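Q: Below: one structure in structure tokens.
2 protein chains.
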Amino acid sequence: MQLSLRRWRVVSLMAVMSASAVAAGAQDASVRAAVEAGNKKFSAAVTKGDAAALASLYTTDAQAFPPNSDVVKGRAAIQAMWKGVLDSGVTGAELATTEVEAQGPFASEVGTYVIKLKDGAVADRGKYVVVWKKVAGQWLLHRDIWNTSQPAPKP
Amino acid sequence: MQLSLRRWRVVSLMAVMSASAVAAGAQDASVRAAVEAGNKKFSAAVTKGDAAALASLYTTDAQAFPPNSDVVKGRAAIQAMWKGVLDSGVTGAELATTEVEAQGPFASEVGTYVIKLKDGAVADRGKYVVVWKKVAGQWLLHRDIWNTSQPAPKP
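Protein sequence lines correspond, in order, to chains S and U. With positions in the first sequence counted from 1, the corresponding number in this note's numbering is that position plus 2. With positions in the second sequence counted from 1, the corresponding number in this note's numbering is that position plus 2.
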């Protein structure tokens, strides 16, 4: 009796644990779909050269962390940052999501990027972490940091 | 009566909202304290030149994203990465937390770093985003990405 009760407890505990793992997995999957949809809009805006559309994918109090720069805070500054990138000749941003871990209104995404120029040349390739935040039903980029995977230029 | 009932509902709703805002704020503050304690251990391990201690501050399935490198996955690889940094002459890492946003077992931290060499010279200064994860009651670095705020070297 003692043993079977203990076994029942273990089985119950495992059921609870796997139910919450399934729930977490289901949430991650649906958030991942929203994140990937956001990234599609992002890439489309880059191809279109539309810095305002890019900025609208961020929260109003978003922060971006470009290499070789201070922190860029808020939509207006983020729009100006992307305008600078687009003006430099960038016409493509391929984003590939590696993972999404979601918890409530926050989700962290890891992914890789390839930045291309008009002639198709690769300007940069690297990786990023984005903290997404759900605001009024919409998942938006909230914290956005990346760096290159290419070797450092020889001094 | 209609009006006062509506008013009561609004007041109740505001009370619920501010109570959950207070709860979120309180959680952020206690998690921030844990994150800052983790960063103190991190800086102490750098000063000590202890790559194993650095690795132990990460989750077992952590990922680090160093500039000019591919993704570094897992404690063993992260330990090797930090050993390389320490062997290159780094003896100081000053970390300053700018913000912590916590949600359940995840928290995203934004901060700035200063890396110093033995003679006190600044090797690099920049910013980072760390996704922390609470595992068995302990907050650990789970995703760790950074980049320099210094200007790009002239080609």
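Don't be surprised by glycine CBs; every beta carbon is placed ideally from N, CA and C. Values in this document were obtained by computation on a predicted structure and should not be read as measured data.
#1: Quick one: which chain S residues come within Cβ less than 9 Å of U:Ala-154?
#2: Closer than 9 Å, CB to CB, is U:Asn-41 near chain S or not?
#3: In terms of alpha-carbon separation, which member of S:Asn-70, S:Gly-51, S:Ala-64 lies closest to S:Ala-78?
#4: Give me the subset of the segment 104-116 of chain S whose CB atoms are less than 8 Å from a CB atom of chain U, sorted by chain position.
#5: Anything in the segment 51-67 of chain S with a Cβ closer than 9 Å to a Cβ of chain U? List those residues in chain order, please.
#6: Please report how far the alpha carbon of S:Ile-147 lies from the alpha carbon of U:Ala-31, in whole angstroms.
#7: Please confirm whether S:Ile-80 has its beta-carbon closer than 9 Å to some beta-carbon of chain U.
#8: For S:Ser-110, which three-state DSSP category applies?
#9: Tell me the residue span of the beta strand (DSSP E) that contains S:Lys-136.
#10: Relative to the C-alpha of U:Glu-111, which candidate in U:Gly-122, U:Val-131, U:Val-124 has its C-alpha closest?
#11: Let me check understanding here. Comparing Cα to Cα, which of U:Val-133, U:Ile-117, U:Asp-126 lies closest to U:Glu-103?
#12: Return the CA-CA distance between S:Gly-128 and U:Ala-125, expressed in angstroms with no decimal places.
#13: Would you say S:Lys-129 reaches chain U, if we count a Cβ-Cβ gap shorter than 9 Å as a contact?
#14: Please name the residue, chosen from U:Lys-120, U:Ser-45, U:Leu-143, U:Leu-142, that lies closest to U:Asp-89 on a Cα-to-Cα basis.
#15: Determine, using beta carbons only, whether U:Pro-153 and S:Asn-149 come nearer to each other than 9 Å.
#16: Kindly list, in the order they appear in chain S, the residues whose Cβ is closer than 8 Å to that of U:Arg-77.
#17: Check for me: the alpha helix (DSSP H) holding S:Gln-81 runs from which residue to which?
#18: Under 9 Å Cβ-Cβ, which residues of chain S neighbour U:Val-33?
#19: Taking DSSP as the reference, what is the three-state secondary structure of U:Ala-47?
A: Working from what's here:
#1: Those are Pro-69, Asn-70, Pro-155, listed as they occur along chain S.
#2: no
#3: S:Ala-64
#4: Gln-105, Gly-106, Pro-107, Phe-108, Ser-110, Val-112
#5: Gln-65, Phe-67
#6: In this structure, the alpha-carbon of S:Ile-147 lies about 23 Å from that of U:Ala-31.
#7: No, S:Ile-80 does not count as interfacial toward chain U.
#8: strand
#9: 124-137
#10: U:Val-131
#11: Closest option to U:Glu-103, Cα to Cα, is U:Val-133.
#12: 22 Å
#13: yes
#14: Shortest Cα-Cα distance from U:Asp-89 to any of U:Lys-120, U:Ser-45, U:Leu-143, U:Leu-142 involves U:Lys-120.
#15: no
#16: By Cβ distance, chain S contributes nothing, its closest Cβ being about 17 Å from U:Arg-77, past 8 Å.
#17: 77-89
#18: Within 9 Å Cβ-Cβ: nothing; U:Val-33 doesn't reach chain S, min ~12 Å.
#19: helix
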